[in-house]
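Trainee:
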Amino acid sequence: MAIYLFRHGEAFQIGEIPGLHSDDQRPLTPKGEKVTINVCEGLKALGVGCDEIWHSPLVRAVETARIVGGEMNCDRLVVQEGLADETEGEALFDSLSKV
Numbered sequence: 195m196a197i198y199l200f201r202h203g204e205a206f207q208i209g210e211i212p213g214l215h216s217d218d219q220r221p222l223t224p225k226g227e228k229v230t231i232n233v234c235e236g237l238k239a240l241g242v243g244c245d246e247i248w249h250s251p252l253v254r255a256v257e258t259a260r261i262v263g264g265e266m267n268c269d270r271l272v273v274q275e276g277l278a279d280e281t282e283g284e285a286l287f288d289s290l291s292k293v
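So for the sequence shown, our numbering puts the first residue at 195; every next one is plus one.
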């Protein structure tokens, strides 16, 4: 089994979009979307496949996961609370130990 870690794409900052006041609601910028697609193209060129995508519940991570899933033909998107900012990570390691 291979595990690839993939950080979310570039996201808007608080204040850049009217009404955006919460870090967990920051969406990807157009550049963040494009770079994510480009990274997926590179992974596909290397023959990297995808069975499942784990992501945090943050908007930018959900959007990144959806882009990666679409580009990599992977429809198994799984929210992992342990991937959210400021979490201890114990739940994530517990989930990984069951894979």
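Using N, Cα and C, we set each Cβ at its ideal position, and we do this for glycine too.
Because the structure is a prediction, the values reported are computed rather than measured.
What are the boundary residues of the alpha helix (DSSP H) that I231 is part of?
Mentor: That run of the alpha helix (DSSP H) goes P224 to A239.
Trainee: I need the boundaries of the beta strand (DSSP E) containing I247, first residue and last residue.
Mentor: Run containing I247: I247 to H249, per the beta strand (DSSP E) assignment.
Trainee: Evaluate L222 with the Cβ neighbour count: other Cβ atoms within 10 Å of its Cβ, from every protein chain shown; 16 or more gives buried, anything less gives exposed.
Mentor: Buried, because 16 or more other Cβ atoms sit within 10 Å of the Cβ of L222.
Trainee: For V262, count neighbouring Cβ atoms within 10 angstroms of its own Cβ and tell me buried if that reaches 16, exposed if not.
Mentor: Flag for V262 reads buried.
Trainee: By the 10 Å Cβ neighbour count, where 16 or more other Cβ atoms means buried, how is S250 classified, buried or exposed?
Mentor: Looking at its Cβ environment, which holds 16 or more other Cβ atoms inside 10 Å, S250 is buried.
Trainee: Count Cβ pairs between the region 228-243 and the region 271-280 that sit closer than 8 angstroms; are there 3 or more?
Mentor: Counting Cβ pairs under 8 angstroms, fewer than three are found: no touch.
Trainee: By Cβ distance below 8 angstroms, which residues in the same chain neighbour A154 in space, the five residues on each side in sequence not counted?
Mentor: The shown model of the chain, from 195 to 293, leaves out residue 154, and the question about it has no answer.
Trainee: Roughly how many angstroms lie between the CA atoms of F200 and I247, to the nearest whole one?
Mentor: Going from the Cα of F200 to the Cα of I247 covers about 10 angstroms.
Trainee: With which residues is V273 paired in a DSSP beta bridge?
Mentor: In the DSSP output, where bridge partners are listed per residue, V273 has H249.
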